[in-house]
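Heads up: the structure comes next, in structure tokens.
Printed below as a string of structure tokens:
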């Protein structure tokens, strides 16, 4: 080990000492003593020969700066300006490697040939590999910003109905949180590099599909060529006011010149909930409820007869014991995806067309109601992208895409899974002989009102259904005109886009009768009482529409002068939303709009030094004239060190680039629906009413002032720094990148909280908030081949931690009560200090908990020492509710037609409160009870092992509803997001049916989850823990290419 360290240090010192003296055509010299110590160079001291030569490209032009290295050693040189080199090598047979960025490596075996003429071929894959950036493309090796991409191959590995779910764990710096698995309503929350503002609602990134702002959640994954995430200011400054939260660019596929390529894909899946809540049975519920009453000094409700009937199921219609989850939910649901795409073209016209179908069934049973009231989602996607070379210098692009959605769900006024947490196992008996059986309060002595809400059938059975049909169409026209007749490299681009959506909603609803079961006291015969008559199936419908358009015009310049590559962009764009979404914005009758200018200048010298300058100039409707427009500049630079002379005489590092950026981007939205922040006053003309005059039989409308305006309010601004390193080593087997970022956001749009309530108005929007955010991203990729066996392992790790620097808070008595200084989404609560014991009560030292404490109650720390437990004893606890750490690991192999891949994804440094509905026994009244509450609650017998307090209605406020460390859980998790195994057939028989490729595969999604939460899904925040459960998917599929 000591020899290895000393040799490594010697290599570093020699490299530093000789870096400035290495000239083209010279060999790096080393001390003889060092050569003798280094086994890899022991032959250098032996007889050498001089090898000369010349290196040219395919066109015959001499190539300067080509790496010429004796393979397996550090002996090397570079070609001079005429492409010539001279190198002394060992006289024994040896290999010389010639390499230059953008060209394929060439290895030559030296025997007696001492004069070499080498021609290097362009590595088109590397040299021409482009990176999608804002309003254009750029060669990947010259990108200086923080940009990550995922291609269609990786996207298609996940058999998910929502394209955003396929990004989890695959893109560094991108975190997704999926709250619901409901068909057609499973959009995840997406964050780029965490949360940089005061709340998560304003932290969503901008999404652009083919350069136009659109949602990408419902696209068919077979349409997508690439998804790119822009993260730093240099990448997002061109989007100005909308770039503060990062930008996601989605590029759809286009046709290429050649014969028609026909691709068919089909898959079928079974979906199963990842996690469902386990509820207590009737007997355990009744015993626990009696225990609660006894603890509170009341008499038990459930007598021995009822308990025996619950336990032994002697009369299940009168004394039911229902597992509602098993009765109402199917164990699995079906999903299928199908796609047909055709692409090809001539030298003048190229095309890509695609048609996709997704069908997704829900988990709920319909129980032969005469119609399907289950959750269902059917989607039909279509796309046609056309490229027409009108002339040799004129390109017309036409994109036509859209989708038709048909969504159904049960007609209910409540969230079904919320309702399931409130029902009791004896609230009803389900269906018997076609009758819907309620439990009669006469049978069990239970509260009548509680029983009416204790049967989940009451929420959806026979109630009808809601249907939503949505039709969206997107049309893009783009004209690209080369202006080489003015100056080489200049072009004009004009683009227009029209997007339209139409929604048709149908609501079918009815009432059906229910029955209660009874026994005749004399004959013991079963009879039923009917309640409510069946109504007809009523019908309601409504329509809604949306329309927006986008215009863009730009001048582009890209030209190379020798080793100098320069580029420039000037762009004007405007966007108008004709019918703002009422769920997101006020003043829906007034169109929304943006207008802006974009500028970019780039310089690249010899693929070594890169400088980019980007600027966005945007206007927003939300601010008054004089404050409406903002300038958002950004600067970035890159340096490819591996192309420097002092890096040439080594073979360990194949590629090394450092880059950095700084810029300012903005935001003009808040977490509310507010618009036009500058208006003097906003009124609701029907906000209240009053009596006037002698006629008091009716009220008169009055106006209510909603919110004060602020004509001085302006942009929210974010200063962003990014420092990055990209590398490739070990003959490009190992590659990766590291980014460190700092964001300081100021002038955040918010309202003051320190104004006294007697002002009786909602305070205006002001620019006062400040949040800092910093973190890092690490990506490592290993790929290698051994004969026909090719394998790879990729990993990414992202960390982002924010801190509230300033928000207007009311004065607090104690420093731990302030949100300032904490992370966004930081939970506050009491510090749980164990359960009360008899010794605690005898000591008389317990703080006043505003409750007559009993053994088994929760006790909390008195932070301020006033001997009273109140709101002043709450403090920051745990980690934020939004993950600070995210990671993904992919691995796989290919071997003779077989392929295998898997993806693990997870998050850390995140906490979740167990929702009150999942932790308060009996829902604080006569509602549901989870099994874990029985297993974990405190009793005198379980005092040493109990995890939750005793059952007590009187103590609920102290034991269960208070947010504390008792109910805050570590929500870190790691999940097997995807695993896939496939086989690609090959053979002469395929040619006979014109089949180029056939692949069959099986895959799974969300198959395993390791976490500490156990009760709820770790992705769901406490207010989302009653959503439709997330699904694991078992999938088989077939791909055909003709």
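Numbering (the numbering used here), first residue to last: 2 to 1043.
Note that beta-carbon positions come from the ideal geometry of N, C-alpha and C, so glycine has one too.
Assign residue i to buried or exposed, taking buried as 16 or more other Cβ atoms, counted over all protein chains shown, within 10 Å of its Cβ.
| i | result |
| --- | --- |
| residue 59 | exposed |
| residue 840 | exposed |
| residue 313 | exposed |
| residue 539 | exposed |
| residue 744 | buried |
| residue 80 | buried |
| residue 196 | buried |
| residue 1077 | Given a span of 2 to 1043 for the chain in the structure shown, any question on residue 1077 remains unanswerable. |
| residue 653 | exposed |
| residue 826 | buried |
| residue 299 | exposed |
| residue 146 | buried |
| residue 1 | For residue 1 there is no data in the structure shown, the boundaries of the chain being 2 and 1043. |
| residue 68 | buried |
| residue 830 | buried |
| residue 37 | With a pLDDT of 33 at residue 37, under the threshold of 50, the modelled position of that residue is not reliable, and the figure given next carries that caveat. Exposed. |
| residue 324 | exposed |
From which residue to which residue does the alpha helix (DSSP H) around residue i run?
| i | result |
| --- | --- |
| residue 443 | 442 to 445 |
| residue 418 | 417 to 423 |
| residue 307 | 305 to 313 |
| residue 154 | 153 to 156 |
| residue 960 | 957 to 960 |
| residue 75 | First-last for residue 75: undefined, no H or E at that position. |
| residue 842 | 839 to 844 |
| residue 235 | 234 to 237 |
Measuring alpha carbon to alpha carbon, tell me which of the options ends up nearest residue i.
| i | options | result |
| --- | --- | --- |
| residue 65 | 231, 104, 51 | 104 |
| residue 436 | 530, 743, 744 | 530 |
| residue 426 | 280, 516, 984 | 280 |
| residue 226 | 240, 257, 244 | 257 |
| residue 780 | 797, 1032, 788, 348 | 797 |
| residue 401 | 193, 382, 141 | 382 |
| residue 235 | 642, 661, 100, 462 | 661 |
| residue 273 | 408, 1038, 1039, 1029 | 1029 |
| residue 53 | 114, 659, 102, 98 | 114 |
| residue 211 | 478, 99, 753 | 478 |
| residue 606 | 590, 639, 577 | 639 |
| residue 756 | 724, 805, 809 | 809 |
| residue 294 | 956, 1012, 658 | 956 |
| residue 218 | 1025, 1032, 243, 404 | 404 |
| residue 416 | 1036, 1041, 1024 | 1024 |
| residue 485 | 393, 518, 657 | 393 |
| residue 1081 | 107, 112, 106, 399 | Nothing about residue 1081 can be reported from this structure: the residues present for the chain run from 2 to 1043 only. |
| residue 1016 | 495, 930, 719 | 930 |
Locate the beta strand (DSSP E) running through residue i, then write down its first and last residues.
| i | result |
| --- | --- |
| residue 557 | 539 to 562 |
| residue 991 | Not the beta strand (DSSP E): residue 991 falls in the alpha helix (DSSP H), residues 989 to 993. |
| residue 979 | 974 to 986 |
| residue 529 | 527 to 532 |
| residue 728 | 717 to 730 |
| residue 933 | Not the beta strand (DSSP E): residue 933 falls in the alpha helix (DSSP H), residues 932 to 937. |
| residue 437 | 436 to 439 |
| residue 652 | Note, residue 652: premise wrong, no beta strand (DSSP E); not H, not E. |
| residue 740 | 735 to 752 |
For the putative contact between residue i and residue j, defined by C-beta atoms under 8 Å, what is the C-beta separation to the nearest angstrom?
| i | j | result |
| --- | --- | --- |
| residue 680 | residue 717 | Contact flag wrong, Cβ pair sits at about 19 Å. |
| residue 951 | residue 296 | 6 Å |
| residue 420 | residue 460 | 4 Å |
| residue 241 | residue 597 | 6 Å |
Practice problem: Could you pull out every unbroken beta strand (DSSP E) segment of at least 3 residues lying fully inside the stretch 765 to 837, listed in chain order? | Solution: 766 to 787, 790 to 807, 833 to 836
Self-check item: Segments of 3+ residues assigned as beta strand (DSSP E) that fall wholly inside the stretch 259 to 284
Solution: 259 to 274
Practice problem: List in chain order: all unbroken beta strand (DSSP E) runs of 3+ residues lying wholly within the stretch 589 to 648. | Solution: 593 to 606, 610 to 621, 630 to 641
Self-check item: alpha helix (DSSP H) segments (min. 4 residues) lying fully within the stretch 325 to 407
Solution: 325 to 329
Practice problem: Only counting runs of 4 or more residues, tell me where the alpha helix (DSSP H) segments fall wholly within the stretch 859 to 921, in order along the chain. | Solution: 917 to 920
Quiz prompt | Runs of beta strand (DSSP E) wholly within the stretch 452 to 489 (minimum 3 residues, chain order) | solution = 465 to 483
Practice problem: Only counting runs of 4 or more residues, tell me where the alpha helix (DSSP H) segments fall wholly within the stretch 76 to 146, in order along the chain. | Solution: 125 to 128
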